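Peer 1: With positions in the sequence shown counted from 1, the corresponding number in our numbering is that position plus 72.
Structure below; questions to follow.
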Amino acid sequence: MFELSTLERIDHDLKEALKSKDEIALSTLRLMRTALKNKQIDLQHELSEAEVGQVLKVMIKQYQDALADFSRAGRQDLIDRQQKEIDIVSQYLPPSLSEAELESIVREALAGSDVKDVGKAMGLVMKAVAGRADGNQVRAIVQRLLSS
73 MFELSTLERI DHDLKEALKS KDEIALSTLR LMRTALKNKQ IDLQHELSEA EVGQVLKVMI
133 KQYQDALADF SRAGRQDLID RQQKEIDIVS QYLPPSLSEA ELESIVREAL AGSDVKDVGK
193 AMGLVMKAVA GRADGNQVRA IVQRLLSS
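Put into structure tokens, the structure is as follows:
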């Protein structure tokens, strides 16, 4: 059997959420589809899996920012809902690299260069990581390896 694209999975899961009347999943999936459709209109072509992943990562980042705001405001009801939304969107992203895998990729990317500047090193490493890890996590490893 063939693998469904992320867009196809979202459409399929949207129909399932409609049937099961899961309001949080339904609203989150609709927001995802809208964000992806808007990006497709902006770019004027069908989105690649990498582009879909980027859009979903931006959504998660926005949700995490909102989560921090809700935490500061002490709104547990909104925190719970926001966390559920983050969990739903995260299902459609490829699994993140483990700390060991990420460190291995960073070492490999830096091995062939004589870069000592964190900014330039980040450019090299982020290409090698190809969106499979959080930039802050990558920066921490790059800084640790460059300082040693």
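Virtual Cβ for every residue (Gly too), placed ideally from N, Cα, C.
Since we're looking at a predicted model, the values are computed, not measured.
1. So, for R204: in the same chain, excluding its five sequence neighbours on each side, which residues have a beta-carbon less than 7 Å away from its beta-carbon?
2. In this structure, how does DSSP classify K93 when only helix, strand and coil are distinguished?
3. Pairs of beta-carbons, one from the segment 146 to 161 and one from the segment 183 to 200, closer than 8 Å: are there three or more?
4. Tell me, to the nearest whole angstrom, how far the beta carbon of V197 is from that of A183; I am working on the premise that it is less than 8 Å.
5. Under the criterion of a Cβ to heavy atom distance below 7 Å, does D85 qualify as lining the ligand NAD?
6. Taking C-beta to C-beta, are R102 and L115 nearer than 8 Å?
7. Between K129 and L119, is the Cβ-Cβ spacing less than 8 Å?
8. Can you tell me which of A140, R216, T100, Q134 puts its alpha carbon nearest to the alpha carbon of L174?
9. On the criterion of 16 or more Cβ atoms from any shown chain inside 10 Å, does L98 qualify as buried, or is it exposed?
10. On the three-state DSSP scale, how would you describe H117?
11. Helix, strand or coil: which one does DSSP assign to M73?
Peer 2: Well, looking at it:
1. Cβ within range, chain order: P166, S168, L169.
2. Coil at K93, not helix or strand.
3. No: fewer than three Cβ pairs fall under 8 Å.
4. Beta-carbon to beta-carbon, V197 and A183 are separated by about 11 Å, too far to satisfy the 8 Å threshold.
5. For the ligand NAD, the structure offers nothing, since it holds no ligand at all.
6. For R102 and L115, no; Cβs fall outside 8 Å.
7. For K129 and L119, no; Cβs fall outside 8 Å.
8. For the set A140, R216, T100, Q134, the Cα lying nearest the Cα of L174 is the one of R216.
9. Buried.
10. If DSSP states are grouped into helix, strand and coil, H117 belongs with coil.
11. At M73, the pLDDT of 48 sits below 50, so the modelled position is not reliable; the number obtained from the coordinates is stated separately. Here M73 sits in coil by DSSP.
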